[in-house]
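Asker: In this note's numbering, the protein residues as written are 262 to 347.
All C-beta atoms, glycine included, are put in the ideal place defined by N, C-alpha and C.
Quantities reported herein were computed from a predicted structural model and do not represent experimental measurements.
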């Protein structure tokens with residue numbers, strides 16, 4: 262009985278650990294937001310949470326190529342004042 266409980270707890274702990282790793286550190290735009298050039302995406306920069314058009318364009322210009330490469334990376338997000346990495 263002890264082995265069964267230990268295995269169940271280990272399995273549950275491993276599943277919980279993987280679930281935590283699968284969650285993004287910060288919200289990131291969907292790939293669909295990267296389908297258009299930043300100049301088009303940022304016409305609604307205030308609705309996207311940016312203080313200025315330039316901040317929005319800089320963010321998406323840096324973020325989208327990294328996202329689409331599939332290699333991950335880091336980019337400064339002025340909306341939260343932090344660098345996000347994935």
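Over what stretch of residues does the alpha helix (DSSP H) that includes residue 318 continue unbroken?
Answerer: 314 to 330
Asker: Of the choices 343, 310, 298, whose alpha-carbon is the least far from that of residue 321?
Answerer: Taking the Cα of residue 321 as reference, the smallest distance to any Cα among 343, 310, 298 is reached at 298.
Asker: Cα separation between residue 344 and residue 334?
Answerer: 10 angstroms
Asker: Take the Cβ of residue 346 as the centre, count every other Cβ of all protein chains shown within 10 Å, and call the residue buried at 16 or more, exposed below.
Answerer: exposed
Asker: Give the DSSP-derived three-state secondary structure of residue 286 in the structure shown.
Answerer: Reliability fails at residue 286, whose pLDDT of 46 lies under 50, so the model's placement of it is uncertain and the value that follows must be treated cautiously. Residue 286: coil per DSSP, three-state reduction.
Asker: Looking at the secondary structure, which residues open and close the alpha helix (DSSP H) in which residue 344 lies?
Answerer: It is not in any alpha helix (DSSP H) - residue 344 instead sits in the beta strand (DSSP E) that spans 343 to 346.
Asker: Can you give me the C-alpha to C-alpha distance between residue 309 and residue 324, rounded to a whole angstrom?
Answerer: 14 angstroms
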